[in-house]
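> Okay, here's the structure, questions in a sec.
Numbering (the working numbering), first residue to last: 595 to 738.
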């Protein structure tokens, strides 16, 4: 078989391989939303840590950076329940609505409750001297 024939067959095989690869790539879609990219870019956002007057600016910058989704809420227990039995979610509603105005979806995390020293379950308690981190942590996450 001539070199030219091998070259033509190799080029055809290579072309077929790239066509098949392109077909696979088109199906590798992380979302099923029309007009959305195949992979969504996200970030953690902690609106409870900033003045509400700053939120619009932050979300505008995220939108310009093509952030599609933010994760919020997982460290916001003290903002959701500022006093025992008193729940405030208005700030969270406003943050989610403002993110939507910037075409940013929200993943709401599960907040971890902050526990006062007298509310710590005894089997999880690990006391530390004041000024050395949190008052308690589950033993499995302590680093010495």
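For each residue, glycine too, the CB sits at the ideal point set by N, CA and C.
Can you give me the C-alpha to C-alpha distance between residue 643 and residue 653, rounded to a whole angstrom?
Residue 643 and residue 653: Cα-Cα distance of roughly 14 Å.
> Starting from residue 702, trace the alpha helix (DSSP H) both ways and give me its first and last residue.
Counting along the chain, residue 702 falls outside any alpha helix (DSSP H), though it belongs to the beta strand (DSSP E) covering 699 to 702.
> Could you tell me the boundaries of the alpha helix (DSSP H) in which residue 684 lies?
Its alpha helix (DSSP H) spans residues 684 to 695.
> Rounding to the nearest angstrom, what Cα-Cα distance links residue 662 and residue 634 in this structure?
Computed Cα separation, rounded: 6 Å.
> If we ignore side chains and look at the alpha-carbon of each, how far apart do residue 700 and residue 706 end up?
Rounded to the nearest angstrom, the two C-alpha atoms are 18 Å apart.
> Quick one: what's got a C-beta closer than 6 Å to residue 665's C-beta in the same chain, skipping five residues either side?
Hits under 6 Å: 638, 701 and 703.
> Could you tell me which residues DSSP pairs with residue 665 in its beta bridges?
According to DSSP, residue 665 bridges with 638 and 701.
> Grab me the residues of residue 668's own chain with a C-beta within less than 8 Å of its C-beta, minus the 5 sequence neighbours each way, in chain order.
Cβ within range, chain order: 703, 704, 705 and 706.
> Which class does residue 643 belong to by DSSP, given the choice of helix, strand or coil?
Residue state, collapsed to three classes: helix.
> Buried or exposed, going by whether 16 or more other CB atoms sit within 10 Å of the CB of residue 645?
That one is exposed.
> Per DSSP, which one or two residues make a beta bridge with residue 677?
Residue 677 is bridged to 680.
> Apart from the five residues on each side of it in sequence, which residues of its chain come closer than 7 Å, Cβ to Cβ, to residue 698?
For residue 698, where only same-chain residues beyond five positions count, the Cβ hits under 7 Å are 653, 656, 657, 661, 662, 663 and 664.
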